[in-house]
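In the numbering used here, the protein residues as written are 2 to 436. Just so you know, even glycine gets a beta-carbon here, dropped at the ideal spot from N, CA and C.
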Ligand SMILES: Nc1ncnc2c1ncn2[C@@H]1O[C@H](COP(=O)(O)OP(=O)(O)O)[C@@H](O)[C@H]1O
Ligand SMILES: [Mg+2]
């Protein structure tokens, strides 16, 4: 409003000369100052502001005194400032006010050093009308509010995006949890089925065994040829083996998963190996279990621990089979942990199979991770085993490389109830087990 002084002088001079001009001057004053937008008249030769209304002060923070007859360049932001503020709009400059036209998203420098956003309309006044001067009539419409709305919108957009990504992650987790449930259900059904089949087979097998033994007796009495005696003996031997397998299968499916008791780990390992005995023999796999004497017993559920060793043993069997060698070796060692022999036992489970890649090692404990063909692997063996060991504060680590075989190192506390996995540095997190 400071230009009022100057204007009042001019006005009174004119009024003295032509009193009739007063109403027009008042109207001009009102239009100029009451406008919604910032209006400024610029001398484009001298680069000076000739006149500015009070809206320009609202927009830029500069008072009218600071603006009127001052250099226009004070409203020009530098490229550097714009870059720092990450602004990509047109900068208010000599260039923009030297052409008639409409500019959207113009950036001005405010008194406080911040930037103001506006749309600019420039009209160059014909020199004839401007008494030989080169004048530009500029209107600046404040866009600050629109800008802040845009910023808010952008923030909301990112918030929504984050929420969406989180939802997507939750969806994937739910999906894999659902798959896990389906798989667990399938395994349970398979267990039931195996128990049923074992029961069904028991009856006819008893018949076969009975008749075979009877045949054996007859053959003996009739002094038959050695060949016939051998054949009958083979039938009896194989039926006995089948009976044993069926018995083990029935036992395995009947065992409770709730029972915790003090167990001898070497016994549990022996039990687990029995189920796979025939498979090892037929593949030329030699198993060697070496257990230190007087190992303390472990408080755990023997059935679950058995599952761990069955999983390790079947994985070793598959790894050896994959080498296509005629034979293989599994070495199992049970001993007290040398550094803490009272509280922990250590088990190493070593095979001379194909070994594991770095990728396999890092993902082996993930549910459903398998490198085996469909129908052969479920990818659940190690993740289930890991879960069983975690429950009794045990750990499992893999040492392996392609072509060099694999060793699983297990550490089990003698009594998990007296050990908290968080308070002991000896327990490693799952992440550090990878490798
Ligand atoms: N002893 C081993 N030797 C080589 N690779 C192994 C061994 N044990 C596990 N693996 C790898 O880890 C993967 C996951 O094992 P596991 O969870 O038991 O699932 P699955 O045996 O059904 O594939 C296997 O597919 C295999 O790639
Ligand atoms: Mg497996």
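Legend entry - Distance cut-off 8 Å: residue 329 Cβ against heavy atoms of ligand 1: no
Legend entry - beta-carbon residue 379 near ligand 2 non-hydrogen atom, thresh 8 Å: yes
Legend entry - Alpha-carbon spacing of residue 267 relative to residue 293, whole angstroms: 9 Å
Legend entry - Cα-Cα separation between residue 312 and residue 238, rounded to whole angstroms: 28 Å
Legend entry - ligand 2 heavy atom lying under 8 Å from the CB of residue 319: yes
Inset, instruction - Mark residue 144 as exposed unless 16 or more other C-beta atoms lie within 10 angstroms of its C-beta, in which case mark it buried. - result: buried
Legend entry - Whole runs of the alpha helix (DSSP H) within the stretch 250-326, excluding any shorter than 4 residues: 266-283 and 303-322
Inset, instruction - Kindly examine ligand 2 and report whether one of its heavy atoms sits closer than 8 Å to the Cβ of residue 382. - result: yes
Legend entry - Exposed unless 16 or more other CB atoms sit within 10 angstroms - verdict on residue 417: buried
Legend entry - contact_flag[the stretch 337-349, the stretch 373-385] where n(CB pairs < 8 Å) is 3 or more: no
Inset, instruction - For residue 185, verify whether its CB is less than 8 Å away from any heavy atom of ligand 2. - result: no
Legend entry - For residue 398 and residue 434, the rounded distance between their alpha carbons: Legend: pLDDT at residue 434 = 40, less than 50; position of this residue unreliable, value from coordinates given subsequently. Spanning the two alpha carbons is a distance of roughly 5 Å.
Legend entry - Per-residue burial, residue 156 [other beta carbons within 10 Å of its own, 16 or more giving buried]: exposed
Inset, instruction - Tell me residue 408's beta-bridge partners as DSSP assigns them. - result: 351 and 400
Inset, instruction - Could you pull the start and end residues of the alpha helix (DSSP H) that residue 45 belongs to? - result: Taken as a continuous stretch (DSSP letters only), residue 45 belongs to no alpha helix (DSSP H), as it is neither H nor E.
Legend entry - Proximal residues to residue 74 (C-beta, below 7 Å), its chain only, five neighbours per side dropped: 48
Legend entry - Own chain partners of residue 431 with C-beta closer than 6 Å, once the 5 adjacent residues on each side are dropped: With a pLDDT of 37 at residue 431, under the threshold of 50, the modelled position of this residue cannot be trusted, and the question is left open.
Inset, instruction - Have a look at 115, 261, 304 and 320 and flag the residue whose alpha-carbon is nearest the alpha-carbon of residue 273. - result: 304
Legend entry - Residues near residue 94 by beta carbon distance below 7 Å, same chain, minus five either side: 77
Legend entry - Residue burial classification, residue 352 (beta-carbon count within 10 angstroms, cutoff 16): buried
Inset, instruction - Using a threshold of 9 Å, state whether the C-beta atoms of residue 299 and residue 271 are closer than that. - result: no
Legend entry - Check whether residue 247 and residue 206 have beta carbons under 9 Å apart: yes
Inset, instruction - Spatial neighbours of residue 329 within its chain, please: CB distance less than 6 Å, with the 5 preceding and 5 following residues excluded, ordered by chain position. - result: 286, 321 and 353
Inset, instruction - Check whether the Cβ atoms of residue 120 and residue 104 lie closer than 9 Å to each other. - result: yes
Inset, instruction - Tell me whether residue 468 sits in a helix, a strand or coil according to DSSP, three-state version. - result: Because the chain is modelled from 2 through 436, residue 468 falls outside the range shown and cannot be assessed.
Inset, instruction - For residue 132, count neighbouring Cβ atoms within 10 angstroms of its own Cβ and tell me buried if that reaches 16, exposed if not. - result: exposed
Legend entry - Secondary structure of residue 465, DSSP reduced to three states: The structure shown has nothing for residue 465, since the chain only spans 2 to 436.
Legend entry - Same chain, Cβ closer than 8 Å to residue 346, five either side skipped, listed in chain order: 266, 296, 297, 299, 335, 336, 337, 338, 412, 413 and 415
Inset, instruction - Measuring alpha carbon to alpha carbon, tell me which of 43, 97, 70 and 60 ends up nearest residue 111. - result: 60
Inset, instruction - Indicate the three-state DSSP secondary structure (helix, strand or coil) for residue 105 in the structure shown. - result: strand
Inset, instruction - Specify the secondary structure class of residue 375 as computed by DSSP and reduced to three states. - result: coil
Inset, instruction - Report the partner residues of residue 415 according to the DSSP bridge assignment. - result: Answer is none; residue 415 lacks a bridge partner.
Legend entry - residue 88 - DSSP class collapsed to helix/strand/coil: coil
Legend entry - Complete runs of the beta strand (DSSP E) confined to the stretch 136-204 [at least 3 residues]: 136-143
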